[in-house]
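Colleague: Protein chains in written order, with the working numbering: chain A, 262 to 372; chain B, 262 to 372; chain C, 262 to 372.
All residues carry an ideal CB built from backbone N, CA and C; glycine is no exception.
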Amino acid sequence: MSNLILHPMKEIKIIIEGEHLKFVSDLLDKVKATGYTVISNISGKGRHGFHEGHLMFNDASSEVMIFTVVPEEKVEPILAGLSPLFDRHSGSMFVSDVAVSRRDRFSEGKK
Amino acid sequence: MSNLILHPMKEIKIIIEGEHLKFVSDLLDKVKATGYTVISNISGKGRHGFHEGHLMFNDASSEVMIFTVVPEEKVEPILAGLSPLFDRHSGSMFVSDVAVSRRDRFSEGKK
Amino acid sequence: MSNLILHPMKEIKIIIEGEHLKFVSDLLDKVKATGYTVISNISGKGRHGFHEGHLMFNDASSEVMIFTVVPEEKVEPILAGLSPLFDRHSGSMFVSDVAVSRRDRFSEGKK
Chain A
262 MSNLILHPMK EIKIIIEGEH LKFVSDLLDK VKATGYTVIS NISGKGRHGF HEGHLMFNDA
322 SSEVMIFTVV PEEKVEPILA GLSPLFDRHS GSMFVSDVAV SRRDRFSEGK K
Chain B
262 MSNLILHPMK EIKIIIEGEH LKFVSDLLDK VKATGYTVIS NISGKGRHGF HEGHLMFNDA
322 SSEVMIFTVV PEEKVEPILA GLSPLFDRHS GSMFVSDVAV SRRDRFSEGK K
Chain C
262 MSNLILHPMK EIKIIIEGEH LKFVSDLLDK VKATGYTVIS NISGKGRHGF HEGHLMFNDA
322 SSEVMIFTVV PEEKVEPILA GLSPLFDRHS GSMFVSDVAV SRRDRFSEGK K
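#1: Residues of chain C with CB closer than 7 Å to the CB of B:Ile241, please, in chain order.
#2: When burial is assigned at 16 or more other CB atoms within 10 Å of the CB, is B:Glu337 buried or exposed?
#3: If we count the other Cβ atoms within 10 Å of its Cβ and call it buried at 16 or more, is A:Gly279 buried or exposed?
#4: Beta carbon of B:Ser357, beta carbon of A:Val359: below 7 Å?
#5: For C:His340, collect the residues of the same chain with a Cβ closer than 7 Å to its Cβ; drop the 5 residues on either side in sequence, then sort them by chain order.
#6: Using the C-alpha atoms, what's the distance from B:Ile277 back to B:Glu287?
#7: Listed in chain order, which residues of the stretch 348-365 of chain A have Cβ atoms closer than 8 Å to some Cβ of chain B?
#8: Checking the sheet assignment: what are the DSSP bridge partners for A:Glu324?
#9: Using a Cβ cut-off of 9 Å, pull out every chain A residue sitting near B:Met326, in sequence order please.
#10: Look at the alpha carbon of C:Val299 and the alpha carbon of A:Ser304, and state the distance between them as a whole number of angstroms.
#11: If you check the beta carbons only, do B:Lys271 and B:Glu333 fall under 7 Å apart?
#12: Closer than 8 Å by beta-carbon distance: list the chain B residues that pair up with A:Glu272, in chain order.
#13: List the endpoints of the continuous alpha helix (DSSP H) containing B:Gly342.
#14: Between which two residues does the beta strand (DSSP E) harbouring C:Val361 extend?
#15: Between C:Ser362 and A:Phe328, what straight-line distance do the alpha-carbon atoms span, to the nearest angstrom?
#16: Which residue from A:Lys291, A:Leu267, A:Phe284 and A:Pro269 puts its Cα closest to that of A:Pro345?
As structure tokens, then:
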């Protein structure tokens, strides 16, 4: 029945230019996030200071959204790790509360 | 003006292997969730105990994210209904708070 | 270090038929949302009173999800602006709490 208990975690959504995906995935590996999901066919306009509001609406491959769920203590290391990227390139990170059904899947020491 | 009132609901995101989509959609129909949205072109790595961290990064069709919004009392039946799937296959369910503009669209007895 | 501070904002997800995307993007421009992201390859079933529950599962291009993050005071104008669309067409708007790393990117007066 323990599968029916929900545990509080943090959901992180990172939106970046696709060419920086490896930077982010390496960071998530480094902080031992247990996994992530990438939504790659997204487009956007004007978000986060994109080159003077350059319209990228028809350039569907230019952005990706990376979705991960982590314990709260991993939020700050991820944000700190993204700082060098965000200093030089467009991108943003969004953090929200989420509950997950299986906490063990998000803890360190598990494959 | 009633359209401008926001009502608290629960947002559910379910990430599973694409081959199990019908299992989930049947479950959502059974609990009378009024609808769902499927994001199908996603990829991921290592999430939720995927086969020893097998890298599926180039296998974009292997996972889907199912997004639905339901009244709070439907969360537990959905979680319980997913249990048999999660016992044998990779996947996770995330629950968060959300407000919707039109509650009637999410209640039973409406098409 | 200011990049490491998280600021509370509102995350808005709007799900509509793809043909109404321009209506929504014009609205977001009008209320000076600083940007948005569009996830376009989604499918759905029965959500929000779709034409008598017409199954659109194989019609992947029919819906889009628009994702934006705004200060709280922009939520009501966006909801009000969508009202005429929702009165005549299917669609829904979901609002949730989110924290962002760089508030300045979401304020007016910035490109």
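Modeller: Reading off the structure:
#1: In the structure as shown, chain B begins at 262 and stops at 372. Residue 241 of chain B is therefore absent and cannot be evaluated.
#2: By 1-based counting over the second sequence, the position of residue 337 of chain B is 76. B:Glu337 should be labelled exposed.
#3: For the purposes of this step, residue 279 of chain A is taken as the residue at position 18 of the first sequence. Counting Cβ neighbours within 10 Å, A:Gly279 comes out exposed, since fewer than 16 surround it.
#4: Looking up residue 357 of chain B in the second sequence gives position 96. Looking up residue 359 of chain A in the first sequence gives position 98. Their beta carbons are under 7 Å apart, which means B:Ser357 touches A:Val359 by this criterion.
#5: As a working mapping, residue 340 of chain C is identified with position 79 in the third sequence. Sequence check: residue 340 of chain C is Leu here, not His. So the list reads Met354, once near-sequence residues are dropped.
#6: For the purposes of this step, residue 287 of chain B is identified with residue 26 of the second sequence, where counting begins at 1. For the purposes of this step, residue 277 of chain B is identified with residue 16 of the second sequence, where counting begins at 1. For the record, residue 287 of chain B in the displayed sequence is Asp; it is not Glu. Distance between the alpha carbons of B:Asp287 and B:Ile277: 14 Å.
#7: Within the stretch 348-365 of chain A, the residues whose Cβ lies closer than 8 Å to some Cβ of chain B are Ser357, Asp358, Val359, Ala360, Val361, Ser362 and Arg363, listed in chain order.
#8: Locating residue 324 of chain A in the first sequence gives position 63, counting from the first residue. Its beta-bridge partners are A:Glu278 and A:Ile303.
#9: Working through the second sequence from its first residue, we reach residue 326 of chain B at position 65. Result: Thr298, Ile300 and Phe328.
#10: The sequence position of residue 299 of chain C within the third sequence is 38, counting from 1. The sequence position of residue 304 of chain A within the first sequence is 43, counting from 1. Their backbone Cα atoms lie some 5 Å apart in a straight line.
#11: To locate residue 271 of chain B, count along the second sequence from 1; it is residue 10. To locate residue 333 of chain B, count along the second sequence from 1; it is residue 72. The answer is yes: Cβ separation under 7 Å.
#12: One-based indexing of the first sequence puts residue 272 of chain A at position 11. Simply Phe355 and Ser357.
#13: Taking the first residue of the second sequence as 1, we reach residue 342 of chain B at position 81. Where B:Gly342 is concerned, the enclosing alpha helix (DSSP H) stretches over Val336 to Arg349.
#14: Within the third sequence, residue 361 of chain C is the residue found at index 100, counting from 1. Run containing C:Val361: Gly352 to Val361, per the beta strand (DSSP E) assignment.
#15: Counted from its first residue, the third sequence places residue 362 of chain C at position 101. Counted from its first residue, the first sequence places residue 328 of chain A at position 67. Looking at the two C-alpha atoms, the distance is approximately 16 Å.
#16: Taking the first residue of the first sequence as position 1, residue 345 of chain A is located at position 84. Comparing Cα positions, the closest option is A:Phe284.
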